[in-house]
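Note sheet for the following structure.
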Amino acid sequence: MRRRLCFLAVLLWSVSAIPVSAQTKSIAERLGYPPDAKLLIIHADDLAVAHSVDSASFEALDRGAVTSASIMVPCPWLTEVADYAKAHSDADLGLHLTLTSEWKAYRWGPVESKNKVSSLLDSAGTLWSTSEQVAKSVKPEHAEREIRAQVEHAISVGIHPTHLDTHMGSLMVSPQLIAAYARVAHDYHLPFLFLKIPGMDQQVLASLGDKDVILDSVAIANPSVNPGQWEHFYLDTIGKLKPGLTELIVHLGHNDAELQAIMGGVPFGSEWRQRDFDVVASPQFKQALQDNHVVLVKWKELQKLTN
């Protein structure tokens, strides 16, 4: 499946952690933890894409099964997420900046006026389906205009984002888009999901500021994981965590009629999201965190380091 076949997605599909250059003072130390602490953000993607995703993600947030989540502002269920955010001011909610609309029969367009971001649109007037199409067709100035509109719209409906990240990695497919991503984050004083890897373009590195939070690794299930090994994958990932800051990205939802109609059983679809929910909400997962001395953190804590 072409979904997520882009630079960042291929990076995240790696099961093993990806080392990055050490900072003078580690994130753990900057947060007041020992330098060898295993810090973990358990993060739920795609809020607002569907009621089922919202329902499962809200439950996981309320139970402490995830520490963070991010919102797709152009999607139809944004009002539901905004209501939750207003009622749960302590919830760690970022924005899943969205330049793609990947589901065949369930489409959305930009937040900004279409005539101002025309390169973001396919022939039907909705956002491109893949990150490859974004890389090929989108003008960086249009992308920046759109993601600024998404931030502003989220704020206007009562959401106060703690961080930014990028749906399907679409803001990581070129140095120009990464620069736009970083500029918007800096302008709103928000940390943003970013991994530094060996050999990264100097133009990309130049986009980073001294206070930016650079993750040590990101973990995510990939389509090669057998459904019968789902719990094993996550427990093994927890067991192999190394000192530093890791984000574990999950996609939550219930395998109900709504998600089956939108996504079906494909990768990142309704069955996938139900399995992710079942694992992170399980006693076994909670016990693995305790047994491996994992310190759960939120983007809200990291936000303080950027100001």
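Following the numbering used here, the numbering of the sequence shown begins with 1 at its first residue and continues without gaps. The beta-carbon is built from N, C-alpha and C at its ideal position, and this holds for glycine as well. Quantities reported herein were computed from a predicted structural model and do not represent experimental measurements.
Sheet register partners of residue i (DSSP bridge)
{"i": "GLU271", "result": "In the DSSP output, where bridge partners are listed per residue, GLU271 has none listed."}
{"i": "ILE41", "result": "GLU247"}
{"i": "SER165", "result": "The sequence shown places Asp at residue 165, rather than the Ser named in the question. DSSP output for ASP165 lists HIS96 as bridge partner(s)."}
{"i": "LEU215", "result": "LEU195"}
{"i": "SER70", "result": "GLY94"}
{"i": "ILE220", "result": "ILE249"}
{"i": "LEU127", "result": "LEU121"}
{"i": "LEU47", "result": "ILE71"}
From the options, residue whose alpha carbon lies closest to that of residue i
{"i": "GLY209", "options": "LEU245, LYS136 and ARG183", "result": "ARG183"}
{"i": "LEU215", "options": "ASP201, LYS196 and GLN203", "result": "LYS196"}
{"i": "ASN255", "options": "PHE277, ALA206 and LYS38", "result": "PHE277"}
{"i": "LEU61", "options": "GLN284, LEU252 and THR126", "result": "LEU252"}
{"i": "GLY264", "options": "ILE41, ALA69, SER57 and LYS104", "result": "LYS104"}
{"i": "LYS38", "options": "LEU302, LEU289 and ASN307", "result": "LEU289"}
{"i": "GLU102", "options": "TYR84, PRO74 and SER113", "result": "PRO74"}
{"i": "SER52", "options": "VAL294, GLN260, VAL295 and THR306", "result": "GLN260"}
{"i": "VAL213", "options": "PRO198, LEU190, PRO223 and GLY199", "result": "LEU190"}
{"i": "GLU258", "options": "VAL266, ASN115, SER270 and LYS86", "result": "SER270"}
{"i": "ASN226", "options": "PRO267, SER156, GLY125 and ALA154", "result": "PRO267"}
{"i": "GLU152", "options": "THR246, GLN287 and MET72", "result": "MET72"}
{"i": "ASP122", "options": "VAL111, GLU112 and ARG107", "result": "ARG107"}
{"i": "SER131", "options": "HIS160, ALA154 and VAL173", "result": "VAL173"}
{"i": "THR79", "options": "ALA50, GLU59, GLY199 and SER118", "result": "ALA50"}
{"i": "ILE262", "options": "LYS25, PRO76 and ALA28", "result": "PRO76"}
{"i": "ALA185", "options": "LYS211, PRO198, GLY239 and ASN222", "result": "LYS211"}
{"i": "ALA87", "options": "VAL157, LEU120 and ARG30", "result": "VAL157"}
{"i": "GLN150", "options": "VAL111, ASP236 and SER170", "result": "VAL111"}
{"i": "PRO223", "options": "VAL204, TRP272 and ASP187", "result": "TRP272"}
{"i": "PRO283", "options": "LEU241, THR246 and TYR234", "result": "TYR234"}
{"i": "ARG63", "options": "GLN303, GLN287, ALA281 and ALA44", "result": "ALA281"}
{"i": "ASP45", "options": "ALA219, LYS116 and THR24", "result": "ALA219"}
{"i": "HIS308", "options": "SER118, THR246 and THR24", "result": "In the structure as shown, the chain starts at 1 and stops at 307, and residue 308 therefore has no counterpart that could be examined."}
{"i": "ASP236", "options": "SER89, GLY109 and GLN287", "result": "GLN287"}
{"i": "LEU302", "options": "ALA221, LEU193 and ALA154", "result": "LEU193"}
{"i": "LYS300", "options": "GLY109, ILE155, SER89 and ALA206", "result": "SER89"}
{"i": "SER170", "options": "PRO34, LYS136 and PHE285", "result": "LYS136"}
{"i": "TYR188", "options": "ASN307, LYS116 and LEU296", "result": "ASN307"}
{"i": "PHE285", "options": "ALA65, TYR33 and ALA221", "result": "ALA65"}
{"i": "ALA221", "options": "ILE249, LEU296 and GLY109", "result": "ILE249"}
Cβ shell of residue i (< 8 Å), same chain only, five flanking positions each side left out
{"i": "LYS298", "result": "ILE41, THR67, SER68, ASP92 and THR162"}
{"i": "ASP201", "result": "PRO175"}
{"i": "VAL81", "result": "LEU47, ALA48, ASP54, ILE71, LEU93 and ILE159"}
{"i": "LEU305", "result": "ILE27, ARG30, LEU31, PRO191, LYS211 and VAL213"}
{"i": "VAL204", "result": "PRO175, ILE178 and ALA179"}
{"i": "SER118", "result": "HIS142"}
{"i": "GLN23", "result": "Here GLN23 scores only 46 on pLDDT, less than 50, and its place in the model is too uncertain to base an answer on."}
{"i": "PRO35", "result": "SER26, ALA28, GLU29 and PRO243"}
Cut-off 7 Å between Cβ atoms - residues of its own chain near residue i, not counting five sequence neighbours on either side
{"i": "ASP291", "result": "none"}
{"i": "SER21", "result": "Its pLDDT being 40, under 50, SER21 is placed unreliably by the model, and nothing is read from it."}
{"i": "GLN274", "result": "GLY253, HIS254 and ASN255"}
{"i": "LYS114", "result": "LEU121 and GLY125"}
{"i": "VAL294", "result": "LYS38, LEU40, ILE238 and LEU241"}
{"i": "ALA154", "result": "ILE71, VAL73, LEU95 and PRO161"}
Residues near residue i in its chain [Cβ-Cβ closer than 6 Å; skip 5 each side]
{"i": "GLY244", "result": "ASP216"}
{"i": "TRP128", "result": "THR100, ASP122 and VAL134"}
{"i": "TYR84", "result": "PHE58"}
{"i": "ALA56", "result": "LEU252, GLY253, HIS254 and PHE277"}
Proximity test, Cβ basis, 7 Å: residue i and chain D
{"i": "VAL297", "result": "Among the chains of the structure shown, chain D does not appear; only one protein chain is present."}
Practice task
Report yes or no: do three or more beta-carbon pairs, one from the stretch 140-148 and one from the stretch 220-239, lie closer than 8 Å?
Solution key: Contact fails: fewer than three Cβ-Cβ distances are below 8 Å.
Handout entry: Every unbroken beta strand (DSSP E) within the stretch 80-121, with a cutoff of 3 residues, ordered by chain
Key = Here the runs fully enclosed are 93-97.
Exercise for the section: Identify every run of the beta strand (DSSP E) within the stretch 280-306, keeping only runs that are complete inside it and at least 3 residues long; order them along the chain. Expected result: Restricted to the stretch 280-306, the beta strand (DSSP E) segments that are unbroken, complete and at least 3 residues in length are 294-296, listed in chain order.
Practice task
Indicate whether the contact test is met: 3 or more Cβ pairs, each with one atom in the stretch 93-113 and one in the stretch 148-168, closer than 8 Å.
Solution key: In short, these stretches touch, since the Cβ pair count reaches three.
Exercise for the section: Could you tell me whether the stretch 171-183 touches the stretch 129-140, where touching means 3 or more Cβ pairs closer than 8 Å? Expected result: Segment contact: the stretch 171-183 against the stretch 129-140, three or more CB-CB distances shorter than 8 Å; contact assigned.
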